[in-house]
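In mature numbering (1 follows the signal peptide of the UniProt record, and there is no 0), the protein residues as written are -22 to -1, 1 to 490.
Yeah, the Cβ is synthetic: ideal placement off N, Cα and C, and Gly gets one too.
Encoded as structure tokens, the structure appears first; notes follow it.
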């Protein structure tokens, strides 16, 4: 056999093999809801879903080197090739990568690196790569030859072999997502026997390795987006199930002032200009725009405070914060307006407005400061016990701009003002804890004092309660104390527009 004939047979063999591979591949169906992107052209409504709508007259467009679009196949599949139609593909070229992953969070494998489109057609162009087992396919753009920085795609097709591996059944919820007038206890299950379930309550997407492992029914007391995935060894993970539970927040009225939803008859408030509003005025419908008001959606009580504002005596930081007043018509320093520990003397207990106490709140920290001195950025106090000259507890939420989650810890002052910091979920030396609380995530706290025993409980919604206990010094006996709640901004640096904000969905203080 001469060399020319051998070469011809080799070319024919490769052609037949490629044809057979292409013919055996099938086009995967990808709905628009399964396509996401790092960015898109809002002005031209060039949304990610346009890349799979079958219409070459629509497009996804994302500007900037590294802008990407991601396709979720729903389950792990054997992906063999990708077809891409480029916007203005007959007049310019686009440089791009194609990546693959089994999870939306990676790790990502590069299938095609720095490929360049033909620049000759607006129809789909085929790009082949080694057969890959993946659920997620991502196209990363590096701009086009016109130099305007846009990555624009009119259509994408993914082709390969449908996986023969079974899939775990989608989690179901009882009761189903919807609108309810009160708290709901929600059970999650999968029809696949023996499957494990992970869930999130903050709107993020769980995977078989991320999210909270389901161990029993969840109690949802405020509006929550619940998502879950079921998984089992030897099977593909389930599609994501879930939805939003809209809870009436205990009957909070979004059209009412804070005093219409909360009992404020035994609180006064300190504002960012250092002025105070009495319990009498506060409980008669008082509001202050962009400072103290009712959230128009949830009915929650919103506290907002800028970094750069006035301060009260003996403080370097501004606040929008309630101060407990057990005898609201009297002086704040009067014994009857405050409470003492039950280990105090009989005379102190008789004169006080209460003995021992519990402060409970459910809230979201909506915003923390992002500018200023690094040690102060992101700190806010949302609950306190205050004494005459010191604070038995200051409850902190602390999240820096680089952190994905906030830490919750408390500071304790001795009566002589020696301060220590104690962890609950993270601490000043352990910021951004893996089990931390997101901005906007609902959580609850309870600060309870019985004698010298102080118990602090923090419960992120849908997760286990974290409890810290502390023994207060005997020197606190006979000293007057009071609760505080709201936002006490712990950043007095930064820009004039920077601020902290929290929304309280429940707030009670009792002295049994």
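Asked, Found
"Reference residue 397; option with closest CA among 372, 101 and 117", "372"
"Status (buried if at least 16 other CB within 10 Å, exposed otherwise) for residue 20", "exposed"
"Proximity winner among 298, 125, 299 and 314, relative to residue 305 (alpha-carbon distances)", "314"
"Residue 135 to residue 204 span [Cα, whole Å]", "31 Å"
"Cβ neighbours of residue -6 in the same chain (closer than 8 Å, five flanking residues each side left out)", "Per-residue confidence for residue -6 stands at a pLDDT of 43, beneath the threshold of 50, marking its modelled position as unreliable; the derived number appears in the next sentence. Counting only Cβ-Cβ distances below 8 Å, and skipping sequence neighbours, we find nothing."
"Own chain, CB closer than 6 Å to residue 494, minus 5 neighbours either side, in chain order", "With the chain covering only -22 through 490, there is no way to say anything about residue 494."
"Burial state of residue 98 (16 or more Cβ within 10 Å)", "exposed"
"Burial state of residue 391, where buried means 16 or more other Cβ atoms lie within 10 Å", "buried"
"Whole-angstrom distance between residue 451 and residue 222, CA atom to CA atom", "46 Å"
"Contacting residues, own chain, Cβ-Cβ under 8 Å from residue 477 (five flanking each side not counted)", "282, 283, 284, 285, 345, 347 and 467"
"Reduced DSSP category for residue 181 - H, G, I as helix; E, B as strand; rest coil", "coil"
"Contacting residues, own chain, Cβ-Cβ under 6 Å from residue 389 (five flanking each side not counted)", "372, 397 and 399"
"Separation of residue 471 from residue 349, as counted between CA atoms", "7 Å"
"Residue 262 and residue 293 closer than 8 Å at C-beta", "no"
"Residue ranges of each alpha helix (DSSP H) within the stretch 317 to 404, 4 or longer", "324 to 329"
"N-terminal and C-terminal residue of the alpha helix (DSSP H) that residue 121 is part of", "Not the alpha helix (DSSP H): residue 121 falls in the beta strand (DSSP E), residues 103 to 122."
"CB-CB length for residue 455 against residue 319, believed under 8 Å", "6 Å"
"Close Cβ partners of residue 268 (< 8 Å) along its chain, the five nearest in sequence each way excluded", "282"
"One or two residues paired with residue 68 in a DSSP bridge", "Paired residues: none, contrary to the question."
"Backbone secondary structure at residue 546 - three-state DSSP", "This structure cannot speak to residue 546, because the chain is shown only from -22 to 490."
"Endpoints, the beta strand (DSSP E) within which residue 414 is located", "Where residue 414 is concerned, there is no enclosing beta strand (DSSP E), given that its DSSP letter is neither H nor E."
"Exposure of residue 133, with buried meaning 16 or more beta-carbon neighbours within 10 Å", "buried"
"Given 8 Å, three or more beta-carbon pairs between the stretch 107 to 114 and the stretch 73 to 87", "yes"
"Stretch-stretch touch, CB-based, cutoff 8 Å, three pairs: the stretch 52 to 62 with the stretch 103 to 112", "yes"
"Through-space distance from residue 327 to residue 333, alpha-carbon basis", "6 Å"
"Boundaries of the beta strand (DSSP E) in which residue 132 is found, first to last residue", "128 to 139"
"For residue 317, the nearest candidate out of 488, 195 and 475 (CA to CA)", "488"
"Residue 124 to residue 105 span [Cα, whole Å]", "22 Å"
"Burial state of residue 153 (16 or more Cβ within 10 Å)", "exposed"
"Local conformation of residue 258 per DSSP, three classes", "helix"
"Sheet register partners of residue 487 (DSSP bridge)", "337"
"Three-way DSSP call (helix, strand, coil) for residue 287 in this model", "coil"
"Residue 169 burial status per 10 Å Cβ neighbour count (16 or more: buried)", "exposed"
"Collapsed DSSP secondary structure at residue 208 in the structure displayed", "strand"
"Contact check, residue 23 vs residue 63, beta carbons under 8 Å", "no"
"Rounded Cβ spacing between residue 447 and residue 431 (contact assumed at less than 8 Å)", "7 Å"
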